[in-house]
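Protein sequences, first through last, are from chains V and G.
If you're matching positions, the first sequence starts at 1 in our numbering and goes up one per residue.
If you're matching positions, the second sequence starts at 1 in our numbering and goes up one per residue.
Idealized CB from N, CA, C, for every residue including glycine.
Model, not experiment: these values are computed from the prediction.
One structure is given below, encoded as structure tokens.
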Amino acid sequence: MYNFNYVKAKSLDEASKAATSASEGKLMAGGMTLIPTLKMRLAKPSDVIDLSGVPGLAGITASGKTISVGAMTRHYDVHTSKDVVKAIPALAKLAGLIGDPAVRHRGTLGGSISNNDPAADYPAAVLGLGATVHTNKRTIPADQFFKGMFETALQAGEIVTKVEFPVPDKAGYMKFPNPASRYAMVGVFVSKTGNTVRVAVTGAAPCVFRQAEMEKALSAKWSPDAVANIKHSANGLNSDIHASAEYRAHLVTVMAKRAVAEAG
Amino acid sequence: MAAAAVGAAIRRREDARLLTGAGTYTDDINRPRQTYMQIVRSPHAHARVKKIDASKAAQAKGVVAVFTGADLEKDGVGGLPCGWLVKGKGGTAMIEPPHRVLATDKARHIGDPIAVVIADSREAARDAAELVAVDYEELPAVADMNAALKAGAPAVHDEAKDNLCYDWEIGDKAAVDAAFAKAAHVTKIALTNNRLVPNAMEPRAAIGEFDRATGGYTLYTTSQNPHVIRLLMGAFVLKIPESKLRVVAPDVGGGFGSKIYHYAEEALVTWAAKKIGRPVKWTADRSESFMSDAQGRDHITQCEIALDKNGTFLALRVFTRANMGGYLSTFGPAIPTYLYATLLAGLYRTPAIYCEVKAVFTNTVPVDAYRGAGRPEACYLLERIVENAARETGIDKAEIRRRNFIPQSAMPYQTPVALQYDSGDFVRNMEDALKAVDYAGYAKRKAESGKRGKLRGIGMATYIEACGIAPSAVAGALGARAGLYESAEVRFHPTGTVTVFTGSHQHGQGHETTFAQVVADGLGVPIDNIEIVHGDTDKIAFGMGTYGSRSIAVGGSAIVKAMDKVIAKGKRIAAHLMEASVEDVEFKDGKFSVAGTDKNVDIAQVAFAAYVPHNYPHEELEPGLDETAFYDPKNFTFPNGCHIAEIEIDPETGTVHIARFDAVDDFGKIINPMIVAGQVHGGVVQGIGQALLENCVYSTDGQLVTGSFNDYCMPRADDVPSFTVATNEVPCTHNPLGVKGCGEAGTIGAGAAVMNAVVDALSGLGISHLDMPATPQAVWRAIQNSKQGQAAARR
Numbered sequence: 001m002y003n004f005n006y007v008k009a010k011s012l013d014e015a016s017k018a019a020t021s022a023s024e025g026k027l028m029a030g031g032m033t034l035i036p037t038l039k040m041r042l043a044k045p046s047d048v049i050d051l052s053g054v055p056g057l058a059g060i061t062a063s064g065k066t067i068s069v070g071a072m073t074r075h076y077d078v079h080t081s082k083d084v085v086k087a088i089p090a091l092a093k094l095a096g097l098i099g100d101p102a103v104r105h106r107g108t109l110g111g112s113i114s115n116n117d118p119a120a121d122y123p124a125a126v127l128g129l130g131a132t133v134h135t136n137k138r139t140i141p142a143d144q145f146f147k148g149m150f151e152t153a154l155q156a157g158e159i160v161t162k163v164e165f166p167v168p169d170k171a172g173y174m175k176f177p178n179p180a181s182r183y184a185m186v187g188v189f190v191s192k193t194g195n196t197v198r199v200a201v202t203g204a205a206p207c208v209f210r211q212a213e214m215e216k217a218l219s220a221k222w223s224p225d226a227v228a229n230i231k232h233s234a235n236g237l238n239s240d241i242h243a244s245a246e247y248r249a250h251l252v253t254v255m256a257k258r259a260v261a262e263a264g
Numbered sequence: 001m002a003a004a005a006v007g008a009a010i011r012r013r014e015d016a017r018l019l020t021g022a023g024t025y026t027d028d029i030n031r032p033r034q035t036y037m038q039i040v041r042s043p044h045a046h047a048r049v050k051k052i053d054a055s056k057a058a059q060a061k062g063v064v065a066v067f068t069g070a071d072l073e074k075d076g077v078g079g080l081p082c083g084w085l086v087k088g089k090g091g092t093a094m095i096e097p098p099h100r101v102l103a104t105d106k107a108r109h110i111g112d113p114i115a116v117v118i119a120d121s122r123e124a125a126r127d128a129a130e131l132v133a134v135d136y137e138e139l140p141a142v143a144d145m146n147a148a149l150k151a152g153a154p155a156v157h158d159e160a161k162d163n164l165c166y167d168w169e170i171g172d173k174a175a176v177d178a179a180f181a182k183a184a185h186v187t188k189i190a191l192t193n194n195r196l197v198p199n200a201m202e203p204r205a206a207i208g209e210f211d212r213a214t215g216g217y218t219l220y221t222t223s224q225n226p227h228v229i230r231l232l233m234g235a236f237v238l239k240i241p242e243s244k245l246r247v248v249a250p251d252v253g254g255g256f257g258s259k260i261y262h263y264a265e266e267a268l269v270t271w272a273a274k275k276i277g278r279p280v281k282w283t284a285d286r287s288e289s290f291m292s293d294a295q296g297r298d299h300i301t302q303c304e305i306a307l308d309k310n311g312t313f314l315a316l317r318v319f320t321r322a323n324m325g326g327y328l329s330t331f332g333p334a335i336p337t338y339l340y341a342t343l344l345a346g347l348y349r350t351p352a353i354y355c356e357v358k359a360v361f362t363n364t365v366p367v368d369a370y371r372g373a374g375r376p377e378a379c380y381l382l383e384r385i386v387e388n389a390a391r392e393t394g395i396d397k398a399e400i401r402r403r404n405f406i407p408q409s410a411m412p413y414q415t416p417v418a419l420q421y422d423s424g425d426f427v428r429n430m431e432d433a434l435k436a437v438d439y440a441g442y443a444k445r446k447a448e449s450g451k452r453g454k455l456r457g458i459g460m461a462t463y464i465e466a467c468g469i470a471p472s473a474v475a476g477a478l479g480a481r482a483g484l485y486e487s488a489e490v491r492f493h494p495t496g497t498v499t500v501f502t503g504s505h506q507h508g509q510g511h512e513t514t515f516a517q518v519v520a521d522g523l524g525v526p527i528d529n530i531e532i533v534h535g536d537t538d539k540i541a542f543g544m545g546t547y548g549s550r551s552i553a554v555g556g557s558a559i560v561k562a563m564d565k566v567i568a569k570g571k572r573i574a575a576h577l578m579e580a581s582v583e584d585v586e587f588k589d590g591k592f593s594v595a596g597t598d599k600n601v602d603i604a605q606v607a608f609a610a611y612v613p614h615n616y617p618h619e620e621l622e623p624g625l626d627e628t629a630f631y632d633p634k635n636f637t638f639p640n641g642c643h644i645a646e647i648e649i650d651p652e653t654g655t656v657h658i659a660r661f662d663a664v665d666d667f668g669k670i671i672n673p674m675i676v677a678g679q680v681h682g683g684v685v686q687g688i689g690q691a692l693l694e695n696c697v698y699s700t701d702g703q704l705v706t707g708s709f710n711d712y713c714m715p716r717a718d719d720v721p722s723f724t725v726a727t728n729e730v731p732c733t734h735n736p737l738g739v740k741g742c743g744e745a746g747t748i749g750a751g752a753a754v755m756n757a758v759v760d761a762l763s764g765l766g767i768s769h770l771d772m773p774a775t776p777q778a779v780w781r782a783i784q785n786s787k788q789g790q791a792a793a794r795r
């Protein structure tokens with residue numbers, strides 16, 4: 001890696017200021033994407049601002065209607081949290097499917113959604129549950145948070161502090177991993193809360209998105225059959241040696257169907 | 001007496017060291033005043049090197065020196081040699097273009113080394129390497145063999161305008177043509193054998209050191225054969241006398257063939273160490289391994305088999321194109337010829353076989369032996385076509401093999417493609433495997449899978465491999481530029497312990513355990529009193545190293561020969577001590593005794609007498625008990641077996657799940673069944689990796705698409721089932737231990753078995769072939785194409 005200034009921030013304020021005042025500041029949560037990127041010399045930040053010393057960013061609180069997960073909460077802790085397992089088992093399952101054990105003990109929710117990797121798992125849950133992203137400056141609804149490939153609504157110096165997940169009646173997540181990297185080649189998160197249905201797809205396109213046609217069909221009839229024959233268009237989907245856009249489009253339907261089946 | 005060590009599942013003695021971080025790998029070694037080397041590698045697959053401006057790099061902080069190919073040429077450094085000369089049709093020698101340590105004229109593959117930066121720290125070397133300005137003129141590249149062989153294709157080497165390295169053949173073409181003319185049925189197949197990246201856990205590393213007091217060099221390197229590196233680098237590249245060059249290959253974390261070869265980096269650190277007067281260290285990162293370790297496989301083949309009306313094989317005809325990459329790696333040319341085409345008889349009595357192999361230069365990383373080396377390619381081809389022939393003729397897949405197997409009674413058996421098999425009970429291996437997998441109950445399991453919407457398939461592969469490489473005279477006649485024997489020294493110490501020096505090298509095989517087991521029984525010494533030393537040219541007389549499943553068959557036999565000499569000398573000492581005639585002295589279980597009496601003396605006492613020779617036959621014997629032996633094998637060994645895979649396909653996603661995997665192997669006499677099972681497990685995983693997961697992909701312009709584990713799919717624990725492995729011990733007839741070798745078998749049998757199972761599962765859809773790897777996308781695509789084809793047919 002190239003040399004950089006390492007800043008271990010003690011408060012959100014300090015971190016935010018350090019990130020904006022540096023010529024090229026980079027916030028680090030778990031570092032599970034940033035550190036490999038630095039080691040490969042694919043990034044050359046002037047400053048790396050470590051958030052691990054900022055108090056109060058990790059932890060899970062349950063309040064009946066919502067599950068609130070602190071930005072620095074590790075995937076392992078979400079995966080094994082009794083509150084999450086009880087209230088939103090699909091979210092606990094999703095966290096357990098991220099990376100490998102080492103990554104799950106270091107990687108964080110805030111880091112994952114701030115990075116917004118097209119093949120990350122968490123964006124599917126945040127969008128698929130209609131969660132609210134809290135930052136040091138404001139709250140952002142999930143529908144307005146994910147903007148494009150590695151792009152979010154976050155502004156310079158804005159730091160995710162927690163994500164509030166509404167507890168759904170039913171939810172399911174089905175992931176088809178890339179055989180090599182085990183990132184989501186296609187991951188579909190479905191949820192039903194009252195009459196509201198959300199279907200969020202990750203891995204398939206440059207950014208997580210909602211599948212409106214499936215949401216409509218599932219609102220009318222919550223059943224795997226309702227989506228089994230909805231063909232998703234291959235237009236605009238990612239294509240690589242592991243999966244063509246056409247194959248990904250096909251997997252969107254299969255994973256959606258299976259996610260609904262899992263949700264019950 | 002103690003229980004026999006040979007045949008016991010003794011835990012690996014090296015594991016405590018290796019698993020607790022106490023091993024010493026090359027990168028663990030640090031020398032005083034050491035520097036670090038970073039290599040500037042070509043980002044282009046094919047480019048003319050017009051100018052190299054190293055001035056900025058040379059002035060960068062911490063930089064000691066920057067060298068280019070011109071500096072090497074000034075010092076008369078030679079090119080990297082090829083260890084095997086293949087002669088093609090009509091005796092035409094293969095084209096052997098120069099392989100410079102640092103490219104001076106052109107870069108011929110992505111990662112081709114162009115310059116080196118040596119600095120006080122790894123980071124400084126890396127930073128400065130980015131400052132070396134290389135002016136490239138990009139040239140059109142050829143990455144795949146079909147493109148390379150097209151008329152007018154860009155030439156990788158001026159010496160081979162048509163990119164053809166050799167056009168080689170084996171077998172009786174006329175006899176094959178005649179057999180095809182009278183065939184009742186002909187089955188054809190066209191397939192590719194996908195390119196693989198070996199990916200040993202430990203990346204390659206090297207440290208060069210020069211002692212100006214003695215004029216001697218030391219090279220620490222991640223090698224499977226340090227003596228071979230000393231020979232090749234010393235004699236051909238740097239011209240250092242062997243007496244002035246020590247090569248140490250300490251603990252090595254896996255090789256799979258990729259650490260056999262002499263690489264540019266070894267020569268660079270050794271040469272530069274003298275040049276700058278400080279030790280030079282280089283350690284590859286994984287990205288470098290992907291573009292600099294020799295890769296494996298990469299064949300395109302058309303094949304047909306002729307059968308009579310009873311399903312008897314009459315003849316086999318094979319046309320193969322084999323990718324050599326941008327340069328000839330040390331043994332590259334030998335793999336698709338003498339380690340491939342000679343195995344095309346397989347386990348069958350096919351009387352006529354013809355194979356033509358065209359070796360092709362492309363703008364890709366060089367290709368050489370990778371676990372199995374030629375034999376997995378032969379097995380895959382043969383077993384795929386045999387299983388397709390069974391399906392086409394309606395003969396059961398086991399039955400067609402049964403009808404064509406070479407019977408045990410026919411041993412030794414001369415194949416039409418040069419090899420003479422010494423032993424094997426092929427029918428028994430298959431019958432045992434069929435029983436293990438419950439072949440009779442398969443239909444029921446398939447129906448049950450069908451109820452769950454899954455497509456089930458069963459596939460089989462029988463294989464034979466030529467291991468114990470190799471009788472030197474035979475290898476020499478076929479173009480090898482080295483002998484392929486092995487050496488061993490058995491040093492019996494005065495107080496009863498034994499050190500064994502072996503020219504074999506362990507990098508995962510467990511020699512410190514198996515070799516000690518052989519010695520424990522051979523000399524009647526407790527296993528804890530035996531040390532196995534390997535991997536250092538200053539300690540070991542000579543060695544040809546470890547590859548081709550040769551260590552126990554060749555290295556183990558050398559140890560037996562050395563032990564025989566120790567015992568022969570011991571008998572004479574014992575005869576003196578017991579005042580008996582040497583003819584009457586017998587040796588058993590560590591004791592010399594006089595036949596027909598209760599007189600005996602322990603081997604430890606004999607050793608003590610040999611080193612403290614107060615009472616000793618000085619007039620006829622020298623003191624000491626230390627013997628060296630070289631063993632040159634009489635023939636190859638022929639491990640063989642039958643592997644059966646049962647798989648389930650999820651037709652919605654194309655995912656292949658391996659439901660079970662059964663292997664029955666004949667490795668001859670087994671020294672340590674636990675280590676053998678481990679070798680089979682690892683081999684099977686690599687075979688499954690090739691069949692379902694691994695694929696090295698280049699873009700048409702020669703960029704490496706799968707340059708990291710993000711895209712190159714290594715097998716993981718959850719990709720494979722628990723295996724059932726069993727052995728049939730049919731001893732090898734021509735080596736003293738009766739052993740055949742087990743290192744590569746799993747890799748050879750597994751891929752073909754799994755692919756046969758995949759095709760079997762899809763055969764109901766009219767699919768008769770699928771290339772490896774059978775990834776979810778590939779399987780799904782095949783199913784879609786078949787559905788579309790059927791729909792079109794209905795219209």
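Identity of the residue in the options nearest residue i by Cα
i        : options                                : result
His643/G : Gly749/G, Glu729/G, Gly570/G, Gly543/G : Gly749/G
Leu42/V  : Gly53/V, Asn3/V, Asn136/V              : Asn3/V
Glu242/G : Gly215/G, Ile189/G, Lys451/G           : Gly215/G
Met28/V  : Val69/V, Phe146/V, Thr66/V, Val7/V     : Val7/V
Ala574/G : Phe587/G, Arg403/G, Ser549/G, Gly326/G : Phe587/G
His618/G : Leu577/G, Ala200/G, Ala359/G           : Leu577/G
Cβ neighbours of residue i in the same chain (closer than 6 Å, five flanking residues each side left out)
i        : result
Val201/V : Val188, Phe209, Gln211, Val252
Asp662/G : Ala433, Ala436, Val437, Ile644, Thr724
Ile140/V : Val133, Ala153
Gly479/G : Trp84, Leu85, Val86
Residues bridged to residue i [DSSP beta-bridge criterion]
i        : result
Cys642/G : Thr462/G, Val664/G
Thr221/G : Ala206/G
Cys355/G : Ile170/G, Val318/G
His657/G : Glu648/G
Cβ-based neighbour list, residue i, same chain, cut-off 8 Å, excluding 5 preceding and 5 following
i      : result
Met1/G : Bear in mind that the predicted position of Met1/G carries a pLDDT of just 48, short of 50, making it too unreliable to give a figure here.
Beta-carbon proximity list for residue i, same chain, < 7 Å, skipping 5 on both sides
i        : result
Asp538/G : Arg246
Arg126/G : Gln38
Met1/V   : Leu38, Lys39, Arg41
Lys161/G : Ala155
Next on the checklist: Short of 9 Å Cβ to Cβ, which residues in the region 173-194 of chain V face chain G?
Outcome noted: Phe176, Asn178, Pro179, Ala180, Ser181, Arg182, Tyr183, Met185
Checklist entry - Name the residues in the region 230-243 of chain V whose C-beta lies less than 9 Å from a C-beta of chain G; which are they? => result Within the region 230-243 of chain V, the qualifying residues are Asp240, Ile241, His242, Ala243.
Item to check | Length at least 3, wholly inside the region 238-322 of chain G: the beta strand (DSSP E) runs in chain order | outcome: 245-248, 280-283, 299-307
Checklist entry - Fully enclosed by the region 53-93 of chain G, which beta strand (DSSP E) runs are 3 residues long or longer? => result 63-68
Item to check | Runs of alpha helix (DSSP H) wholly within the region 115-143 of chain V (minimum 4 residues, chain order) | outcome: 122-128
Item to check | Residues, ordered as in the chain, of the region 233-258 of chain G that lie near chain V by beta-carbon distance below 8 Å | outcome: none
Checklist entry - Got a sec: which bits of the region 703-717 of chain G sit with their beta carbon under 9 Å from any beta carbon on chain V, in order along the chain? => result Of all residues in the region 703-717 of chain G, Val705, Thr706, Ser708, Phe709, Asn710, Asp711, Tyr712, Cys713, Met714, Arg716 have a Cβ within less than 9 Å of some Cβ in chain V.
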